[in-house]
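Residue numbering for the sequence shown is 6 to 455, as defined by our numbering.
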Amino acid sequence: MVRTAASCEQKYRTRTNKSRKYIENAKTHIPGGVESNIRVFEPYPFVARKGEGPYIYDIDGNKMIDYALGYGPLILGHRHPEVVKAVKEQVDRGSLFGSPTEAPSEYVKLVKKAMPSIELFRFTNSGCEATMNALRVARGYSGKEKIAKAEGSYHGGYDYMMQSVDIPAEVYQKGKKCQPAVPWGKGLPKCISDLAVIYPFNEWDETERIIRKNADELAAVICEPVHAGAGCVVPRDNYLKKLRKLTKELGLILIFDEILTGFRVARGGAQERYDVKPDITCIAKVAGGGYQLGGFGGRKELMEEILPSDEGNVYHGGTYNAHAVSVAAGLATLKELSKPGIYSKINRTGDRLFNGLGDLAKDRGVDLWIEHVGSLGEIFFTDKEIRTWRDELDIDGAKWEKWFLNSLSEGVFFGVPHPDGHAFTSTAHTDEVVDRSLEIFDDSFRAVAK
Numbered sequence: 006m007v008r009t010a011a012s013c014e015q016k017y018r019t020r021t022n023k024s025r026k027y028i029e030n031a032k033t034h035i036p037g038g039v040e041s042n043i044r045v046f047e048p049y050p051f052v053a054r055k056g057e058g059p060y061i062y063d064i065d066g067n068k069m070i071d072y073a074l075g076y077g078p079l080i081l082g083h084r085h086p087e088v089v090k091a092v093k094e095q096v097d098r099g100s101l102f103g104s105p106t107e108a109p110s111e112y113v114k115l116v117k118k119a120m121p122s123i124e125l126f127r128f129t130n131s132g133c134e135a136t137m138n139a140l141r142v143a144r145g146y147s148g149k150e151k152i153a154k155a156e157g158s159y160h161g162g163y164d165y166m167m168q169s170v171d172i173p174a175e176v177y178q179k180g181k182k183c184q185p186a187v188p189w190g191k192g193l194p195k196c197i198s199d200l201a202v203i204y205p206f207n208e209w210d211e212t213e214r215i216i217r218k219n220a221d222e223l224a225a226v227i228c229e230p231v232h233a234g235a236g237c238v239v240p241r242d243n244y245l246k247k248l249r250k251l252t253k254e255l256g257l258i259l260i261f262d263e264i265l266t267g268f269r270v271a272r273g274g275a276q277e278r279y280d281v282k283p284d285i286t287c288i289a290k291v292a293g294g295g296y297q298l299g300g301f302g303g304r305k306e307l308m309e310e311i312l313p314s315d316e317g318n319v320y321h322g323g324t325y326n327a328h329a330v331s332v333a334a335g336l337a338t339l340k341e342l343s344k345p346g347i348y349s350k351i352n353r354t355g356d357r358l359f360n361g362l363g364d365l366a367k368d369r370g371v372d373l374w375i376e377h378v379g380s381l382g383e384i385f386f387t388d389k390e391i392r393t394w395r396d397e398l399d400i401d402g403a404k405w406e407k408w409f410l411n412s413l414s415e416g417v418f419f420g421v422p423h424p425d426g427h428a429f430t431s432t433a434h435t436d437e438v439v440d441r442s443l444e445i446f447d448d449s450f451r452a453v454a455k
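So, in structure tokens, the structure goes:
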């Protein structure tokens, strides 16, 4: 029997009746019934109740293998014993003090050991705050205002970086490698867009041309070293090394947004994996072990811009910075990730998953392009190579939605619920868990096969 998109949706609805009722009710007092727009998917998201290891459970009692992992942070899986223990112990001692505590210094020592490009480090509550403050430091140090960012990259939900994350069809300039900044949605002042210089990730000649042209006005170049804004597009042809060489030549600050890649694609993030040292690094997600923690750090002379002073230095503050419970969770996570062999295990599991997906798609005659690095990856329903953000605009979103819903209905939550979203593995995902997932994915490929 041919499975239609409607039949896949009906199967999902049948399994998630309590979730449907909850979302309908929640919409009366929460916009869209969700706490973040990225959690929306059709016909409605399931409502989670608990997590355990590689599994997530919804309020209907369904047990699913989880490759979303909180959209990246849970590299040890749900409720890792050491993280739970550290959090409980800290809660017993208190959670917020308004004065320095000892754990942050221990935490930063581990960060600096993993990422030697960081000489000084400050905590934030999220990746969004991390990049926002890093850009402020760059502007304060350089005395310049413009920032270069990649088309399609997401660096957090604030005005300066809500530029060319996505481009509406009515203003999209087809046939170009890149176009000037386009605000992502309403409420963004035109004057802010004028401060963003947009370059095309992985298109080196055009990137170099744009950065050279605007160098005199640029405070910094910010880059996701693995282009997570386009799912998971890996850098090609020494792109990052060329970017580092160019920014050094021009005297520009290079900021790596390692919110997704930090402590995931390697202990030292993408800068370790690709052997490129930025001037400032931003981290979050894995760094907090599932709790609200982020931060930014880099060269001493840059980070000293935020030293407390009466002379108008760059300001950085926050009531919840280095929140004791979050630091406890993050510290426990980084200690686990410091153990020998941990990344070879996580990356091997990622290879097993994404290579397996490629083999299944080929066997079923489904056009699929896969981008992955270690435990981070994405699949694109297309017969073309995905090397830039613009390449993904032609993927088959309808086929992905059918595949995703069928997989979800059979017991696998495959990553961020959008056609350009990413998926992750963790230390909790065993070979048996991955193999069971692949059995379900095979059924989903059959559902979308021509």
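C-beta atoms are modelled at their ideal positions from N, C-alpha and C, and glycine is treated no differently.
Once you ignore the five residues that flank residue i on each side, which residues in its own chain have a CB closer than 7 Å to its CB?
i    : result
A337 : E87, V88, A91, G294
K290 : G77, P78, G132, I264, L265
E111 : L336
I445 : S412, E415, G416, V417
According to DSSP, is residue i helix, strand or coil?
i    : result
L125 : strand
A225 : strand
G299 : strand
I64  : coil
D71  : strand
V371 : coil
E309 : helix
G294 : coil
P36  : helix
Q178 : coil
K340 : helix
C196 : helix
D262 : strand
T430 : coil
V238 : strand
C133 : helix
P86  : helix
E150 : coil
F102 : coil
Q168 : strand
One question on the structure: do residue i and residue j come within less than 8 Å of each other, judged by their Cβ atoms?
i    : j    : result
F418 : Y72  : yes
I61  : A53  : yes
D262 : T136 : yes
P109 : V330 : no
S158 : T286 : no
I288 : G267 : yes
P205 : Y279 : no
V390 : G382 : The question names Val, but residue 390 in the sequence shown is Glu. Going by C-beta atoms, E390 is not nearer than 8 Å to G382.
D164 : I197 : yes
L223 : K282 : no
P128 : K117 : Residue 128 is actually Phe in this sequence, not Pro. Their beta carbons are not under 8 Å apart, which means F128 does not touch K117 by this criterion.
I260 : V226 : yes
Q168 : P194 : no
N67  : G323 : no
D65  : R20  : yes
F385 : K404 : no
P59  : A292 : no
V202 : A153 : yes
Go through its chain and collect everything with a Cβ distance to residue i's Cβ below 8 Å, but skip five positions before and after it.
i    : result
E208 : K182, C183, T393
C13  : K407, L410, N411, S414, A452
D199 : A186
Between residue i and the ligand ADP, is the CB less than 7 Å from at least one heavy atom?
i    : result
D262 : For the structure depicted, the ligand ADP is absent and the ligand set is empty, with no information on it obtainable.
Relative to the C-alpha of residue i, which candidate in the options has its C-alpha closest?
i    : options                : result
E57  : L74, F46, E47          : L74
L81  : L342, T387, L398, G99  : L342
K23  : I351, Q276, D63, G274  : D63
E437 : P36, F429, L358        : L358
R441 : I70, V39, F51          : I70
V270 : R25, V378, T432        : V378
A119 : F429, D372, G402, L339 : L339
V238 : R249, A275, N219       : A275
T430 : W189, P36, I347        : I347
R353 : V439, D396, G370, I216 : V439
A174 : D447, R395, G162       : R395
G420 : V371, G355, L398, D372 : G355
A327 : S104, A10, T435, S449  : S104
Ordered along the chain, which non-local residues of its own chain (more than five positions away) have a Cβ less than 6 Å from that of residue i?
i    : result
L240 : According to the sequence shown, residue 240 is Pro rather than Leu. Excluding positions up to five away in sequence, the list is empty.
V113 : F126
Check your understanding: Within the chosen definition, does the stretch 172-189 reach the stretch 314-333 through at least 3 CB pairs nearer than 8 Å?
Key -> Of all C-beta pairs linking the stretch 172-189 to the stretch 314-333, fewer than three are shorter than 8 Å, placing the two stretches out of contact.
Check your understanding: Would you call the stretch 229-237 and the stretch 418-430 in contact, with 3 or more CB pairs under 8 Å?
Key -> yes
Check your understanding: Are the stretch 252-262 and the stretch 356-367 touching by the rule of at least three beta carbon pairs closer than 8 Å?
Key -> no
Point to revise | Stretch pair the stretch 209-220 + the stretch 142-149: three plus CB contacts closer than 8 Å | key: no
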